[in-house]
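Protein chains in written order, with the working numbering: chain A, 910 to 1173; chain B, 0 to 333; chain C, -6 to 138.
Cβ coordinates follow ideal geometry from the N, Cα and C atoms, glycine included.
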Amino acid sequence: MELNEKAKQLLETGDVKAVLGFEAGTQGGRRPAFARSAARAERLSFEGEQNLASYVTRKEVKRLGRVAVAARPPVLRALLQLMAERQVKEQDVLPLVQEADGQVRELATAQAMEEYLALSPQQIPAADRELMDKLAAMSQQERWAYWQDQLSRCIKCYACRSSCPMCYCEHCTMDCNRPQWVPVPSHALGNLEYHMTRAMHLAGRCVECGDCGRACPVGIPIHLLTFNAEESVHAQFGQRAGASAKLDYALSTFRPDDKETFIR
Amino acid sequence: MADMYQLSSASLDGLFAALAADGRRILAPTDRDGRSELNPVTSPGQVAKDYIQTTLSAKEVVFPKVERLLSYTLAPGQVELTDAEPAARPTVVFGIRPCEAAGFQALDAVFNWDYRDKFFNARMEQLAVIGMSCTRKDDACFCTSVGGAPGSTKGSDLLLTPTASGYLAEVITDKGRAMVALAPGLFTPVAAADKSMVVELPAALDQPALTAKLPALFDSPLWADQALRCVGCGACAFVCPTCVCFDIQEEADAKAGRRLRTWDSCGYSMFTLHASGHNPRDTQGARWRQRIYHKFATYPDRYGQLGCVGCGKCTRACPVDMNLKEHLVEASQA
Amino acid sequence: MTEPFEPKITAFVCNWCTYAGADLTGTSRIKYQSNVRVLRLPCTGRIDFMLLAKAFARGADGIIISGCHPNDCHYTSGNYHARRRWMIYRNLMDFMGIDTGRITFSWVSAAEGAKWAELVNEVTTGIRAMGPYTEYKQLADAGVE
């Protein structure tokens, strides 16, 4: 059974009020699509890259009711992390995964999601790993020049923030103005401080879907910053975002024997 | 009525040199990782060869993403205020598309509506536009549906159109004439315009019909439906050649401060949030609807022109492919 | 005649250990270089990572961060949380090309007056040799037309 068939079934039985998948977009691209009727379900498939979990915390989507979500592993990780952070309830979302034989399976519980994820190890895409290694091999000044050059093109559109499933805060720290902790304008300091803040706010929460980098209209590889923070957490504390619906957030926990190398 | 000339490809070097000798900086599309962006160039060789459009628009030349309005210093009992002088330098924008060039008119409508914006005007005065007609198009383009065309002269001071032997150069304004006068030897007068290489773009919708229909569609569930996948970022507004919404931010400490103007977007959830807590555009559907209505109903009403030039930059920049042309076609069929 | 460069160093210290320790340095009449501006916080756990970025943005050439030794936090676990935060932030800063050699983290207890003086002297001498953090300072006006 393909996604569109499954979607029709779910909508007809009223099990879910909407199915989130992908449809054909401009110039051969793929884009998120909502099907709320069997007729709309026809065009849905699993093929697409955006992290659909970013929709389940939006109030316009919550109002629809229970939604089914076409879920690759990063989407599942995001959903689990959102459950751990109590932003979404297990019963409000129905992840659908595509098996090796092409069949569609429902993962109706957090446990089912965790078990499914355990089968495929989490890895940063090879191209990103290569770029991160290249940056790591540069000198500090070279890295500074690289990021200053990249960030100078940032226009602070917040496509990165808006496409991230973990950036669900209704009043983002950027939008608070008493005090205006991070400058709003897209000048050098404003861009540096925003991206630094966002990466730290995602440390231990980022599910490494890479959507932020894909969303950037000017092509800044912004996902590398959150990847860096997340990999740092994993390497130093062994914790991973999105592994379970039980919260295990590195920056609100600690071990007395955490080992650091740089404190005198 | 445009004066028309023939310009050979090799002559572009001479043209750039003449413009530079006249003290003008030249901005043109340059390649970057598969995209093109407007950057300072010194020679035609640096200009991107094979681009449909730049990602950002040329509006950043006259309406930059961050701009100083004033600065001040503070001492006990006194404030010393300095108005910022717009850093406007003689500039030529070379190679932007007719759709983008048409955008300057829409910007002008707002920036000179009831108050004359000194920053925009200072930069606009120093700007000359050498447009480049389109020989290619993509699925996001729809200029012919909004009163434009891939070879339109609107908004350009000088419009170049590729021909088999170089370029047709149409002089549209006095600024255009002044540029030709810097290197008259490069321009050979021609009697007829050869625009055969300009790409054809059939109109995708009847825009006047849609504009007439919009008031009746205000309460339609169509807008909320179309906006379901919109994530509420500012990419569309920021890349758009006609969007002008801005925020004013003050950055200060106990000793000094500066007031800056910066781009803003009606797509943000807090764009219309009142101090009382009430938000008249509380859903993405309401904000999306406002975007359409502002460009296709309010602008014609208030300024006598559309707030959209059909460039398709919004569609290309959108992380979830909110294809404006598609949405407009759907609305005209609703 | 230009004056020789004297670094500006911002120190974020916790009230109960390092601040008290620095006080002890004074009452013990131990002399040390005077380039440090001390900012007192209740606990290192209170130190927002952005405070470091702000210090550089506001002209600091070097930064010291210091608090109670692990297991000795006045609030029991504030310094443990701080330590985790610094481990991540330091990597991120380095990745973004910020000169983490200009930031020194330490545990200085209320009894370690001598250690505080030694720390400040070493850091100040080191930053003086590195020169002003011009790259970061240049950001203040960059990107505004």
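Anyone know if the C-beta pair for residue i and residue j falls short of 7 Å?
| i | j | result |
| --- | --- | --- |
| residue 365(B) | residue 21(B) | For residue 365(B) there is no data in the structure shown, the boundaries of chain B being 0 and 333. |
| residue 28(B) | residue 4(B) | no |
| residue 1102(A) | residue 48(C) | no |
| residue 55(C) | residue 2(C) | yes |
| residue 105(C) | residue 14(C) | yes |
| residue 128(B) | residue 92(B) | yes |
| residue 1071(A) | residue 232(B) | yes |
| residue 1138(A) | residue 1069(A) | no |
| residue 175(B) | residue 157(B) | yes |
| residue 983(A) | residue 1116(A) | yes |
| residue 1154(A) | residue 987(A) | no |
| residue 54(B) | residue 37(B) | no |
Does residue i have its Cβ less than 7 Å from a Cβ in chain B?
| i | result |
| --- | --- |
| residue 128(C) | no |
| residue 1030(A) | no |
| residue 138(C) | yes |
Answer with yes or no whether the minimum CB distance from residue i to chain A is below 7 Å.
| i | result |
| --- | --- |
| residue 316(B) | yes |
| residue 64(B) | yes |
| residue 158(C) | With chain C represented from -6 up to 138, any question about residue 158(C) goes unanswered, as that position is not in the structure. |
| residue 232(B) | yes |
| residue 77(C) | yes |
| residue 37(B) | no |
| residue 196(B) | no |
| residue 92(C) | yes |
| residue 8(C) | no |
| residue 81(C) | yes |
| residue 85(C) | yes |
| residue 123(C) | no |
| residue 98(C) | yes |
Just the C-alpha distance for residue i and residue j, rounded to the nearest angstrom, thanks.
| i | j | result |
| --- | --- | --- |
| residue 955(A) | residue 944(A) | 13 Å |
| residue 911(A) | residue 920(A) | 14 Å |
| residue 309(B) | residue 202(B) | 10 Å |
| residue 52(C) | residue 313(B) | 39 Å |
| residue 17(B) | residue 6(B) | 14 Å |
| residue 1084(A) | residue 106(B) | 27 Å |
| residue 0(B) | residue 173(B) | Residue placement at residue 0(B) is poorly supported in this model, since its pLDDT is 48, which falls under 50; the coordinates still yield a value, given next. Near 12 Å, if we compare the C-alpha coordinates of residue 173(B) and residue 0(B). |
| residue 319(B) | residue 12(C) | 52 Å |
| residue -3(C) | residue 249(B) | 35 Å |
| residue 1132(A) | residue 949(A) | 33 Å |
| residue 927(A) | residue 934(A) | 19 Å |
| residue 252(B) | residue 940(A) | 45 Å |
| residue 247(B) | residue 48(B) | 38 Å |
| residue 980(A) | residue 1005(A) | 6 Å |
| residue 129(C) | residue 140(B) | 42 Å |
| residue 1146(A) | residue 1160(A) | 10 Å |
| residue -1(C) | residue 23(C) | 21 Å |
Should residue i be flagged as near chain C, meaning a C-beta pair shorter than 7 Å?
| i | result |
| --- | --- |
| residue 1073(A) | no |
| residue 0(B) | Only weak support is given to the placement of residue 0(B): the predicted model assigns it a pLDDT of 48, under 50, and the value that follows is read from those uncertain coordinates. So, not an interface residue. |
| residue 101(B) | no |
| residue 1173(A) | yes |
| residue 1136(A) | no |
| residue 1160(A) | yes |
| residue 86(B) | yes |
| residue 1042(A) | no |
| residue 115(B) | no |
Around the C-beta of residue i, are 16 or more other C-beta atoms found within 10 angstroms, so that it is buried, or is it exposed?
| i | result |
| --- | --- |
| residue 1065(A) | buried |
| residue 966(A) | buried |
| residue 101(C) | buried |
| residue 28(C) | buried |
| residue 222(B) | buried |
| residue 1136(A) | buried |
| residue 25(C) | buried |
| residue 279(B) | exposed |
| residue 112(B) | exposed |
| residue 977(A) | buried |
| residue 1029(A) | exposed |
Q | Length-filtered (3 minimum) beta strand (DSSP E) runs lying within the region 931 to 992 of chain A | A | 939 to 944 and 976 to 979
Q) Which parts of the region 16 to 79 of chain C are runs of the alpha helix (DSSP H), unbroken and 4 residues or longer, counting only runs that do not cross its ends? A) 42 to 50
Q.
Going residue by residue through the region 180 to 254 of chain B, where are the continuous beta strand (DSSP E) segments of at least 3 residues, counting only ones entirely within it?
A. 245 to 251
(Q) Report the start-end ranges of each alpha helix (DSSP H) in the region 1049 to 1101 of chain A that is 4 residues or longer and not cut off at the edges. (A) DSSP runs (the alpha helix (DSSP H)) wholly in the region 1049 to 1101 of chain A: 1049 to 1060 and 1068 to 1072.
(Q) Which complete beta strand (DSSP E) runs does the region 54 to 83 of chain B hold, if anything under 3 residues is left out? (A) 65 to 74 and 77 to 82, all fully within the region 54 to 83 of chain B.
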